[in-house]
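*Asks:* Dumping the structure here so I can ask a few things about it.
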Amino acid sequence: MSLNKGFMVVVDISGYTTFIRAHSRTKKPSLFRKVIEKINDGHGEHIISDLLETVINELEGTLTINKLEGDAALFYAIPADPTDFSKNLIRKLENSIDIFNKRINELLFIQACPCIPCNEIVNLRLKCFVHYGDFLIKKVSRFKEIAGENVIILHRLMKNSIPRNEYILFTQEAAKVSAIDELKNVEIRTEKLDDFGKMQVHVHYPFAEEFKVQKPSVFVRLKNFVPMRRYFSNKKTEDKLKEKLSFQ
Ligand SMILES: [Zn+2]
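When the sequence shown is numbered by this note's numbering, its final residue is 378 and no position is left out of the sequence of numbers.
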């Protein structure tokens, strides 16, 4: 176990809980719904794994991936010069949001599938959380896990009152050592955290407007049916992604 000082970062896909809620909304699904959900089993997980993989590919090299947490991923970095490092980090996080949205645009053909996750893809957005401070690196069997109060704070911040779904949040500690002065669209706000009380955060909105996508027509849906089936034929799961990142 070792004590380190550095950045802890979480990227989180929002909209995933809507998937789950959408699934349990109808208490008694019709036979037609049941059949559709049977055919499209695992599409939500496939989409999330695909999008997370896209973001991880962008951030790896700058940050070290530590853990997959369902619809989120945890990273860290221990730079010698945090301010200098933060310039690259901010650029990479902005790129991640951009690449995430581009990937959604590329995947719009899956709306040919009638299932809820495939059609809710247009609502998915990426949030980034950046904290700076001490953390422990613990060895858990073959793997290293980061731990400590600051890791807990970072996770608590994911439940906040920010009304938007696309942003990069810096804690006060992260903002102090980061080059956020040059960033436009930064809002300073106070969030209340369970067990930790009030905390000031700096929230950067990289895009003035959230990107909007059109619903496809029936014709487009029919045309995309075969490519959609092909896309899902090689099933992506969280376990497969972990394997790829050699977590398992
Ligand atoms: Zn589907």
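Built from N, CA and C at the ideal position, the CB exists for glycine as well. Given the structure is predicted, the values throughout are model-derived calculations rather than measurements.
Can you give the beta carbon distance from methionine 329 to glutamate 321, rounded, assuming they're within the 8 angstroms contact cut?
*Replies:* With 8 angstroms as the limit, methionine 329 and glutamate 321 qualify as a contact, their Cβ atoms being about 6 angstroms apart.
*Asks:* State the DSSP-derived secondary structure class of glutamate 368, mapped to helix, strand or coil.
*Replies:* The answer is helix: DSSP assigns glutamate 368 an H, G or I state.
*Asks:* Is any heavy atom of ligand 1 found at a distance shorter than 7 angstroms from the C-beta of proline 247?
*Replies:* Within the cutoff, so yes.
*Asks:* Any chance you could list the alpha helix (DSSP H) runs of at least 4 consecutive residues sitting entirely within the stretch 278-314, in chain order?
*Replies:* You should have 279-286, 302-307.
*Asks:* Cα-Cα, which of Ile177, Arg351, Lys289 is closest to proline 247?
*Replies:* Nearest of Ile177, Arg351, Lys289 to proline 247, Cα basis: Ile177.
*Asks:* Tell me, which residues are paired with cysteine 243 by DSSP?
*Replies:* According to DSSP, which records beta bridges pairwise, cysteine 243 is partnered with nothing at all.
*Asks:* How far does the alpha helix (DSSP H) with glycine 109 in it extend, from its first residue to its last?
*Replies:* A query on residue 109 cannot be resolved here, the shown segment of the chain reaching from 131 to 378 and no further.
*Asks:* Does the beta-carbon of alanine 305 have 16 or more other beta-carbons within 10 angstroms, so that it is buried, or is it exposed?
*Replies:* Buried: at least 16 other Cβ atoms inside 10 Å.
*Asks:* Looking at the unbroken beta strand (DSSP E) that takes in tyrosine 262, where does it start and where does it end?
*Replies:* Taken as a continuous stretch (DSSP letters only), the beta strand (DSSP E) holding tyrosine 262 covers 255-270.
*Asks:* Which residues in the same chain have their Cβ closer than 8 angstroms to the Cβ of asparagine 315, if we skip the five residues on either side of it in sequence?
*Replies:* Result list for asparagine 315: His334, Tyr335, Pro336, Ala338, in chain order.
*Asks:* Compare the Cα-Cα distances from isoleucine 292 to each of Leu313, Ile282, Leu323 and report the closest residue.
*Replies:* When each option's Cα is compared against that of isoleucine 292, the closest is Leu323.
*Asks:* In whole angstroms, give me the CA-to-CA distance for phenylalanine 349 and phenylalanine 362.
*Replies:* Cα-Cα distance, rounded: 20 angstroms.
*Asks:* Can you check which of these residues, Arg221, Pro209, Ile229, is closest to glutamate 183 by C-alpha distance?
*Replies:* Out of Arg221, Pro209, Ile229, Ile229 has the C-alpha closest to the C-alpha of glutamate 183.
*Asks:* Give the secondary structure of glutamate 373 by DSSP, where H, G and I count as helix, E and B as strand, and everything else as coil.
*Replies:* Helix at glutamate 373.
*Asks:* Alpha carbons only, please: which of Ile298, Leu133, Phe326, Arg359 is nearest the one belonging to isoleucine 208?
*Replies:* Minimum Cα distance to isoleucine 208 is reached at Leu133.
*Asks:* Count the CB pairs spanning the stretch 257-272 and the stretch 229-242 that are closer than 8 angstroms, and state whether there are at least three.
*Replies:* With a cut-off of 8 angstroms, the stretch 229-242 and the stretch 257-272 do not count as touching, because too few Cβ pairs lie within range.
*Asks:* Starting from lysine 111, follow the alpha helix (DSSP H) in both directions and report where the run begins and ends.
*Replies:* Because the chain spans 131 through 378 in this model, residue 111 falls outside it and cannot be assessed.
*Asks:* Would the C-beta of histidine 173 count as close to ligand 1, meaning under 7 angstroms from any of its heavy atoms?
*Replies:* Yes; taking the cut-off as 7 angstroms, the Cβ of histidine 173 has a heavy atom of ligand 1 nearer than that.
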